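Student:
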Amino acid sequence: MVGQVENELEVKVPAAVLWEIYKGLELGRLGSRLVPEFFERVEVVEGDGSVGTILKIVFPEGSLVPYHKEKFTVIDNEKRLKVAEIIEGGFLNLGFCLYRVLLQIIEKDPESSIIKSVIQFEVEPGSEADTSLITITAMQLVAEAIGKYLTEKI
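So for the sequence shown, our numbering puts the first residue at 166; every next one is plus one.
#1: Would DSSP call N172 helix, strand or coil?
#2: Less than 8 Å between the CB atoms is what I'm expecting for S277 and V178, so what's the real figure, rounded?
#3: How would you label E235, buried or exposed, when you count the other beta carbons within 10 angstroms and need 16 or more for buried?
#4: Quick check: the segment 220-227 against the segment 259-271, are at least 3 beta-carbon pairs closer than 8 Å?
#5: Can you check whether the CB of A308 is closer than 8 Å to the CB of L195?
#6: Could you tell me the boundaries of the beta strand (DSSP E) in which E235 lies?
#7: If distances are taken between C-alpha atoms only, which option among M304, R245, K244 and F261 comes closest to I251?
#8: By DSSP, does S297 sit in helix, in strand, or in coil?
#9: Give the DSSP-derived three-state secondary structure of I211 in the structure shown.
#10: Would you kindly report the start and end of the unbroken beta strand (DSSP E) that includes S292?
#11: Just checking, does the segment 300-315 make contact with the segment 199-208 on the three C-beta pairs under 8 Å criterion?
#12: From which residue to which residue does the beta strand (DSSP E) around L268 run?
#13: Around the Cβ of G291, are there at least 16 other Cβ atoms within 10 angstroms (buried) or fewer (exposed)?
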């Protein structure tokens, strides 16, 4: 089974400012600081924030999964699109063979943007993985927190 969940959030922050956060390592740093109930810490395993970078995301005690490692597979500055795939742990240990996150910053006007968050997933053939476990909530809360943080900062 293949599926997808997504969310769009409008924020009063210019697209270029948001993209500076979303395109590289700053997203993980801010996400773990602003929404610690979903992300305990983010560790750089390899890379500098460009394509090929691998992060280890550690989730708080009691979370569904203890951690996952993700690899940046696309960073498109023109489209303001970043794609990361889980390569170890996380939902891959729960019967999924694909878990991909797409983050796109869409300019609405010079002073506001839309943060589009998409999770694409695929269940391992023969697995009875529970697809209802896949939600966009954490990505939505990160987008809201970063939008609020930047709105107050600029």
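C-beta atoms are modelled at their ideal positions from N, C-alpha and C, and glycine is treated no differently. The structure displayed is predicted, hence computed values, not measured ones.
Tutor: In this structure, then:
#1: In the structure shown, N172 sits in a strand (DSSP, three-state: E or B).
#2: Between S277 and V178 the beta-carbon gap is near 7 Å, inside 8 Å, which marks them as a contact.
#3: Its Cβ being crowded by 16 or more others within 10 Å, E235 is buried.
#4: The segment 259-271 vs the segment 220-227: no contact.
#5: Not a contact, by the Cβ cut-off of 8 Å.
#6: Y232 to D241 is the span of the beta strand (DSSP E), which, as asked, contains E235.
#7: Comparing Cα positions, the closest option is F261.
#8: In the three-state DSSP reduction, S297 falls in the helix class (H, G or I).
#9: Reading off the sequence, residue 211 comes out as Glu, not Ile. It is a strand residue.
#10: Secondary structure note for S292: it is in no beta strand (DSSP E), with a DSSP letter that is neither H nor E.
#11: Look at the beta carbons and you see the segment 300-315 touching the segment 199-208: at least three pairs across the two are nearer than 8 Å.
#12: Start and end: F261 to D274.
#13: Note on G291: under 16 other CB atoms within 10 angstroms of its CB, so exposed under the neighbour-count rule.
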